[in-house]
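Visitor: Structure provided below as structure tokens; questions to follow.
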Amino acid sequence: MAARSAAEDGAGRAPSTATFRELQACWALVGTSDARARYDAEEAARVEAVKRRSAYNIEIDLDEMEFVEPSHRAEAGGGGAGGTSGEGYFAHPCRCGSRFDVKESELEAGIELLQCDGCSQIARVLYEVGGRSEEEEEDDAVAEEEQRRQRSKHV
Ligand SMILES: [Zn+2]
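Following my numbering, the numbering of the sequence shown begins with 25 at its first residue and continues without gaps.
This is the structure:
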């Protein structure tokens, strides 16, 4: 959806004289070897920076994401993931006004990189995989308490 063809962009809009002048100015800028070298270096640095950032642009803690109940899905509307399952999902607004979203099952499947619905931003969701969350620790404590009670009953 993001990829619009060049033909589509240019349709019915011939390059204006102003655009042509800008282009000429651009070429004049990169014309001298000094400016050209600087331009190349900046370009290379930019490409490097993108590579270094590897796959994602931002990190979002799962705790910061809003859980959207399945029943609210239709109302939430907009460009959602478009699934028909009655599954809840986590959503987080993107700076472009659209949002990232990920289903619970996707998180369980180990998916942690989300692409924004509206732009090319990629977010990494931070959450425990296979690790022990505080909640699980609490569950254990409750289970132990339960066991103790069971034992005391037998006595
Ligand atoms: Zn976005």
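Just so it is clear, CB atoms sit at the ideal spot from N, CA and C, and this is done for glycine as well.
#1: Can you tell me which of the three DSSP states V92 falls into?
#2: What residues are listed by DSSP as bridge partners for A147?
#3: Looking only at C-alpha atoms, which of F44, L137 and A133 sits nearest to D85?
#4: Helix, strand or coil: how does DSSP classify A69 here?
#5: Compute the Euclidean distance between the alpha carbons of V92 and E162, then round it to the nearest angstrom.
#6: Output the boundary residues of the alpha helix (DSSP H) element that contains S129.
#7: Using the Cα positions of A115 and S122, report the straight-line distance between them to the nearest angstrom.
#8: Under the rule that 16 or more other beta-carbon atoms within 10 Å means buried, what is A147, buried or exposed?
#9: Going straight from the alpha carbon of S95 to that of Y80, what length do you get?
#10: Can the beta-carbon of F124 be found closer than 8 Å to that of C143?
#11: Less than 7 Å separating the Cβ of S122 from some heavy atom of ligand 1?
#12: Check R60 in the structure and name its three-state DSSP category.
#13: Compute the Euclidean distance between the alpha carbons of E88 and L47, then round it to the nearest angstrom.
Guide: Checking against the coordinates, here is how it stands:
#1: In the sequence shown, the residue the question calls residue 92 occupies position 68. If DSSP states are grouped into helix, strand and coil, V92 belongs with the strands.
#2: Against the sequence shown, residue 147 aligns to sequence position 123. A147 is bridged to I82 and L138.
#3: Counted from its first residue, the sequence shown places residue 85 at position 61. For the residues F44, L137 and A133, the minimum Cα distance to D85 belongs to L137.
#4: Along the sequence shown, read from residue 1 onward, the residue named residue 69 stands at position 45. DSSP places A69 in helix when its eight states are reduced to three.
#5: Within the sequence shown, the letter at position 68 stands for residue 92. Within the sequence shown, the letter at position 138 stands for residue 162. Answer to the nearest angstrom: the Cα atoms are 25 Å apart.
#6: Here residue 129 corresponds to residue number 105 of the sequence shown, with the count starting at 1. Start and end: E128 to E132.
#7: Locating residue 115 in the sequence shown gives position 91, where the first residue counts as 1. Locating residue 122 in the sequence shown gives position 98, where the first residue counts as 1. One C-alpha to the other measures close to 10 Å.
#8: What you label residue 147 is simply residue 123 of the sequence shown in a count that begins at 1. Result: buried.
#9: For the purposes of this step, residue 95 is identified with residue 71 of the sequence shown, where counting begins at 1. For the purposes of this step, residue 80 is identified with residue 56 of the sequence shown, where counting begins at 1. Rounded to whole angstroms, S95 to Y80 spans 30 Å at the Cα level.
#10: In the sequence shown, residue 124 corresponds to position 100, counting from 1. In the sequence shown, residue 143 corresponds to position 119, counting from 1. No; because the gap between Cβ atoms is not below 8 Å, this pair is not in contact.
#11: Numbered from its first residue, the sequence shown carries residue 122 at position 98. Checking every heavy atom of ligand 1 against the Cβ of S122, one is found closer than 7 Å.
#12: Along the sequence shown, read from residue 1 onward, the residue named residue 60 stands at position 36. In this structure, R60 counts as helix in the three-state DSSP scheme.
#13: Locating residue 88 in the sequence shown gives position 64, counting from the first residue. Locating residue 47 in the sequence shown gives position 23, counting from the first residue. Taking the straight line from one Cα to the other gives about 45 Å.
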